[in-house]
Amino acid sequence: MAVTRLNNIRPEMLVWAFERAGFNEERAVKAFPKLASWLSGEKLPTVNQLQQFAKRFYVPFGYLFLQNKPEETIPFPMFRGEAGEMNRFDLNVYDTVTTIRTRQDWLVDYLVENDIEICQLVNSITLQTPIGEAVNLLRNKLDLEPRWAFSLARTDVAVGLLTERLEQVGVFVAYNGVVGNNTQRTLKVSECRGFALVDRVAPYVFVNSADSKSAQLFTLIHEVAHIMLGVSAGHAGEDLGAHDTYERYCDAMAAEFLVPAHVLRETWNHDIKKQSRQFKVSEIVVARRAHDLGLLSDQAYRNFWMEYSHRPIVEKKKSGGGDFYLTSVKKVGKLFAIHVRNAVNSRQLEYTEAYRLTGLSGNTYQHFMTHNI
Numbered sequence: 000m001a002v003t004r005l006n007n008i009r010p011e012m013l014v015w016a017f018e019r020a021g022f023n024e025e026r027a028v029k030a031f032p033k034l035a036s037w038l039s040g041e042k043l044p045t046v047n048q049l050q051q052f053a054k055r056f057y058v059p060f061g062y063l064f065l066q067n068k069p070e071e072t073i074p075f076p077m078f079r080g081e082a083g084e085m086n087r088f089d090l091n092v093y094d095t096v097t098t099i100r101t102r103q104d105w106l107v108d109y110l111v112e113n114d115i116e117i118c119q120l121v122n123s124i125t126l127q128t129p130i131g132e133a134v135n136l137l138r139n140k141l142d143l144e145p146r147w148a149f150s151l152a153r154t155d156v157a158v159g160l161l162t163e164r165l166e167q168v169g170v171f172v173a174y175n176g177v178v179g180n181n182t183q184r185t186l187k188v189s190e191c192r193g194f195a196l197v198d199r200v201a202p203y204v205f206v207n208s209a210d211s212k213s214a215q216l217f218t219l220i221h222e223v224a225h226i227m228l229g230v231s232a233g234h235a236g237e238d239l240g241a242h243d244t245y246e247r248y249c250d251a252m253a254a255e256f257l258v259p260a261h262v263l264r265e266t267w268n269h270d271i272k273k274q275s276r277q278f279k280v281s282e283i284v285v286a287r288r289a290h291d292l293g294l295l296s297d298q299a300y301r302n303f304w305m306e307y308s309h310r311p312i313v314e315k316k317k318s319g320g321g322d323f324y325l326t327s328v329k330k331v332g333k334l335f336a337i338h339v340r341n342a343v344n345s346r347q348l349e350y351t352e353a354y355r356l357t358g359l360s361g362n363t364y365q366h367f368m369t370h371n372i
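Each residue of the sequence shown is one higher than the one before, starting from 0 at the first, in numbering that gives the first Met the number 0.
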């Protein structure tokens with residue numbers, strides 16, 4: 000039987016596809032050897048081969064037949080780190096944002112159609128709102144007093160409590176360190192620490208779970224500040240000095256929420272490590288806060304920074320990945336999962352669509368919804 004080969008695939012689209020996935024030609028050919036003969040014109044791909052190529056480089060199959068490459072951009076600014084560089088495009092971040100936007104689009108229709116109460120935090124402040132006033136508003140909404148983290152055993156417990164309180168007031172929260180369930184596609188902290196997708200009905204916050212727990216806590220409040228300001232954005236990398244007005248405001252709000260000025264003044268003992276454990280934040284956040292409040296001299300801050308910046312990077316210990324279903328609760332988001340389950344049970348959503356929205360299917364989906372939600 001003759002094999003049908005495709006003669007309408009432009010080599011430029013193949014190059015666009017592998018560059019889009021972060022490969023140069025040498026690495027792309029090494030990853031997919033048949034590509035070399037396609038690029039040279041020596042051979043043409045079969046349908047099956049092209050499907051394999053599309054899967055390997057995470058590109059929609061139909062895109063490869065286009066005459067011109069499509070415009071793909073992240074629909075909000077990414078500040079700091081590698082993500083803030085001009086014309087920077089990271090496919091893993093793009094696909095993650097696309098996943099969250101798909102969930103958000105469905106939620107908006109579902110919540111409005113069912114007249115479900117929506118979040119009151121969106122557009123609740125402006126850049127002219129004093130930081131203390133904005134923080135008090137958030138604390139009151141979440142029912143958390145200034146020293147809320149002191150009684151908690153660990154930072155991950157603080158992250159969990161804050162996530163629960165945010166979901167209770169209608170903010171949808173998701174955590175992931177990879178694209179979907181694909182452990183081969185990791186989300187680098189230098190590309191994305193988190194982002195906020197503003198919508199008056201279904202505001203969404205995403206946090207990179209590959210980041211440290213203390214960083215996740217700061218990101219969570221930083222992105223909630225974006226929700227309250229009504230401005231979608233994301234941030235990445237290690238740079239503590241934001242230049243954008245909104246970023247500076249969100250940083251300041253996160254710092255005051257997590258390390259309140261009056262509490263730090265009352266408890267300050269020059270033991271940065273101990274106080275970072277009290278507040279459940281990183282040592283650099285405590286040091287920077289103490290310096291900004293005049294509790295730590297310029298020289299003392301410089302000395303700390305020099306020591307801190309030269310510490311060896313501690314790699315996260317590789318593990319079996321923990322409990323799949325507990326991890327899935329964080330990836331999907333408990334509040335979102337509840338709405339999906341209710342929509343399926345009321346026959347407003349087909350199982351196939353529920354599988355697509357959650358990234359879970361069949362018995363895995365049933366077990367997840369029955370035992371974890």
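The C-beta atom is built at its ideal place from N, Cα and C for all residues, glycine as well. Quick caveat: nothing in here was measured; it's all calculated off a predicted structure.
- Taking the Cβ atoms as the reference, residue 280 lies roughly 6 Å from residue 216, within the contact range of under 8 Å.
- Secondary structure remark: continuous alpha helix (DSSP H) runs of at least 4 residues inside the segment 188-230, in chain order: 212-228.
- Taking 9 Å as the cut-off, the beta carbon of residue 64 is found closer than this to the beta carbon of residue 7.
- Cβ atoms of residue 335 and residue 196 stay farther apart than 8 Å, at about 13 Å.
- By the neighbour-count definition (other C-beta atoms within 10 Å, threshold 16), residue 19 is a buried residue.
- Taken in chain order, the complete alpha helix (DSSP H) segments of 4 residues or longer contained in the segment 11-60 are 24-30, 34-39, 46-55.
- Contact between the segment 87-100 and the segment 180-196 is present: three or more C-beta pairs spanning the two stretches fall below 8 Å.
- At the C-beta level, residue 284 and residue 258 come within 9 Å of one another.
- As for any alpha helix (DSSP H) of minimum length 4 sitting wholly inside the segment 149-177, the runs are 154-167, ordered along the chain.
- Looking at the DSSP output, residue 131 shares a beta bridge with no other residue.
- The beta carbon of residue 121 is closer than 8 Å to those of 197, 198, 199, 202, 226, 227, 229 in its chain, skipping five residues each way along the sequence.
- Contact between residue 221 and residue 250 holds, with the beta-carbon distance rounding to 6 Å and staying under 8 Å.
- Three or more Cβ pairs drawn from the segment 169-183 and the segment 324-338 lie within less than 8 Å of each other, which places the two stretches in contact.
- Annotated three-state conformation of residue 365 is helix, per DSSP.
- Judged by beta-carbon spacing, residue 109 lies beyond the 9 Å limit of residue 353, meaning their Cβ atoms are not closer than that value.
- Bridge partners of residue 268 according to DSSP: none are assigned.
- Counted as a single uninterrupted DSSP element, the beta strand (DSSP E) harbouring residue 232 occupies residues 232-234.
- When the five nearest sequence neighbours on each side are left out, the beta carbons in the same chain lying within less than 7 Å of the beta carbon of residue 360 are those of 354, in order along the chain.
- Residue environment: residue 255 is assigned as buried (16 or more neighbouring CB atoms within 10 Å of its CB, all protein chains considered).
- Within the model, the alpha-carbon separation for residue 357 versus residue 36 is close to 39 Å.
- Relative to residue 181, the option among 365, 274, 55, 25 whose CA is nearest is 55.
- In the three-state reduction of the DSSP assignment, residue 182 falls in the strand class.
- In the structure shown, residue 4 adopts extended strand secondary structure according to DSSP, grouped into three states.
- Nearest to residue 267 by C-alpha distance, out of 248, 290, 253, is 290.
- Comparing alpha-carbon positions, the option among 219, 204, 150 lying closest to residue 277 turns out to be 150.
- When secondary structure is reduced to three states using DSSP, residue 119 falls in the coil class, being assigned neither helix nor strand.
- Rounded to the nearest whole angstrom, the CA to CA distance from residue 367 to residue 324 is 6 Å.
- Your pair residue 58 and residue 16 checks out as a contact, with CB atoms roughly 4 Å apart and the cut at 8 Å.
- Between the C-alpha atoms of residue 48 and residue 101 there is a straight-line separation of about 29 Å.
- Burial state of residue 22 is buried, judged by a 10 Å Cβ sphere holding 16 or more other Cβ atoms.
- Inclusion of residue 143 and residue 161 in the CB contact set at 9 Å is warranted, their separation being smaller than that value.
- Per the C-alpha coordinates, the member of 125, 337, 350, 191 positioned closest to residue 245 is 125.
- Counting the other Cβ atoms within 10 Å of the Cβ of residue 248 gives 16 or more, which makes it buried.
- Under the three-state reduction of DSSP, residue 291 is assigned to helix.
- Distance from residue 153 to residue 66 at the Cβ level is roughly 55 Å; contact not present, criterion being Cβ atoms closer than 8 Å.
- With fewer than 16 other Cβ atoms from the protein chains shown falling within 10 Å of its own Cβ, residue 346 counts as exposed.
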